[in-house]
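In the working numbering, the protein residues as written are 88 to 289.
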Amino acid sequence: MVAEGRDDLRAADSDRQFVADRLRTALNEGRLDLSEYDERLQRAYAAKTYGELDRVLDDLPRTASPEQSAVAPAAPGPSGPSGAQAGYGTPVPPAAEQQRRKGRSPLLLAMWGGWLSTTLICMVIYVASDFGGYPWPVWVAGPWGAILLGRTIMAYASGDPHTYLAAEQERQQQRKDRERDRRQDRWERHQDRWDRRRDRWR
88 MVAEGRDDLR
98 AADSDRQFVA
108 DRLRTALNEG
118 RLDLSEYDER
128 LQRAYAAKTY
138 GELDRVLDDL
148 PRTASPEQSA
158 VAPAAPGPSG
168 PSGAQAGYGT
178 PVPPAAEQQR
188 RKGRSPLLLA
198 MWGGWLSTTL
208 ICMVIYVASD
218 FGGYPWPVWV
228 AGPWGAILLG
238 RTIMAYASGD
248 PHTYLAAEQE
258 RQQQRKDRER
268 DRRQDRWERH
278 QDRWDRRRDR
288 WR
């Protein structure tokens, strides 16, 4: 089946990376908080079409002109519009790529930022309500921090933390999608059994 419009065309990895860079810029400018950034980043890496990528950036202004952007616009193909018409293209990020490979991963910042903000909230609640009592916030910060530390070590050991974590997030999203499909399939089978029983009772 041939896609009728640009929104139905399949996006490439370079398009998803371009959107991820736009989201990181929006985070640095204060347009998104960490939770919004993390949620949109997952949607961007899980996006299959240009339409899905567009919806991730719907309410964000364009932050750079094509001349300032780290991507080179791709030439439109003879068969129809391409991602270049939406600002996507083939990345040519010599400086940005070097920074990323040095370990400055926005995914790591988002992970540890969520841990830090949650830990601080728990500590404020503890101090305000039961200071001097059982230090229950350690059971929030400790196990979660240990998991994040393990992921961080593995990400840096891979040599490219950003790519490692992005691939891990994509695998997690795929597992969630498969689990959702399995639940949907079980529900449909369950509903089908009830429909057959109801038909027999009539």
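Cβ atoms here follow ideal geometry from the backbone N, Cα and C, with glycine treated the same way.
Owing to the predicted nature of the structure, the values given are computational and were not obtained by experimental measurement.
CA-to-CA distance, arginine 276 to alanine 107, given in whole angstroms
Residue numbering aside, residue 107 sits at position 20 when the sequence shown is read from its first letter. Residue numbering aside, residue 276 sits at position 189 when the sequence shown is read from its first letter. Rounded to the nearest angstrom, the two C-alpha atoms are 38 Å apart.
Please check the pair threonine 205 and valine 225, which I expect to be a contact at CB under 8 Å, by giving their CB distance rounded to whole angstroms.
Taking the first residue of the sequence shown as position 1, residue 205 is located at position 118. Taking the first residue of the sequence shown as position 1, residue 225 is located at position 138. Rounded, the Cβ-Cβ distance is 13 Å, inconsistent with contact.
Rounded to whole angstroms, what is the Cα-Cα separation between cysteine 209 and phenylalanine 218?
Walking along the sequence shown from the start, residue 209 turns up at place 122. Walking along the sequence shown from the start, residue 218 turns up at place 131. Rounded to the nearest angstrom, the two C-alpha atoms are 12 Å apart.
Coarse secondary structure for arginine 118, derived from DSSP in three states
Numbered from its first residue, the sequence shown carries residue 118 at position 31. In this structure, arginine 118 counts as coil in the three-state DSSP scheme.
So which of Asp146, Glu123, Arg149 and Asp100 has the shortest CA-CA distance to glycine 200?
Reading the sequence shown from its first residue, position 113 is the one you call residue 200. Here the closest residue by C-alpha is Glu123.
Assuming glutamine 129 and glutamine 256 are in contact, meaning their beta carbons sit under 8 Å apart, how far apart are those beta carbons, in whole angstroms?
The count along the sequence shown starts at 1 and reaches residue 129 at position 42. The count along the sequence shown starts at 1 and reaches residue 256 at position 169. Contact flag correct, Cβ pair sits at about 6 Å.
State the DSSP-derived secondary structure class of arginine 149, mapped to helix, strand or coil.
The residue labelled residue 149 in the question sits at position 62 within the sequence shown. Coil at arginine 149, not helix or strand.
Continuous alpha helix (DSSP H) assignments of at least 4 residues falling wholly in the segment 232 to 288
248 to 288
Rounded separation between arginine 258 and arginine 118 - CA only:
By one-based count along the sequence shown, residue 258 stands at place 171. By one-based count along the sequence shown, residue 118 stands at place 31. Straight-line Cα distance between these residues: approximately 28 Å.
Considering only the beta carbon of each residue, do aspartate 125 and alanine 215 sit closer than 7 Å?
For the purposes of this step, residue 125 is taken as residue 38 along the sequence shown, with counting starting at 1. For the purposes of this step, residue 215 is taken as residue 128 along the sequence shown, with counting starting at 1. Not closer than 7 Å, so no.
If you reduce the DSSP assignment to three classes, tell me which class proline 163 lands in.
Position 76 of the sequence shown, counted from the start, is the residue given in the question as residue 163. With a pLDDT of 48 at proline 163, under the threshold of 50, the modelled position of that residue is not reliable, and the figure given next carries that caveat. The answer is coil: DSSP assigns proline 163 none of H, G, I, E or B.
Nearest-angstrom beta carbon gap, arginine 103 and proline 193 [assumed within contact, 8 Å]
Locating residue 193 in the sequence shown gives position 106, where the first residue counts as 1. Locating residue 103 in the sequence shown gives position 16, where the first residue counts as 1. Their Cβ separation, rounded to whole angstroms, is 14 Å, which puts proline 193 and arginine 103 out of contact at 8 Å.
Glutamine 261 versus aspartate 282 - alpha carbon distance
Mapped onto the sequence shown, residue 261 falls at position 174. Mapped onto the sequence shown, residue 282 falls at position 195. If you take the alpha carbons of glutamine 261 and aspartate 282, they lie about 31 Å apart.
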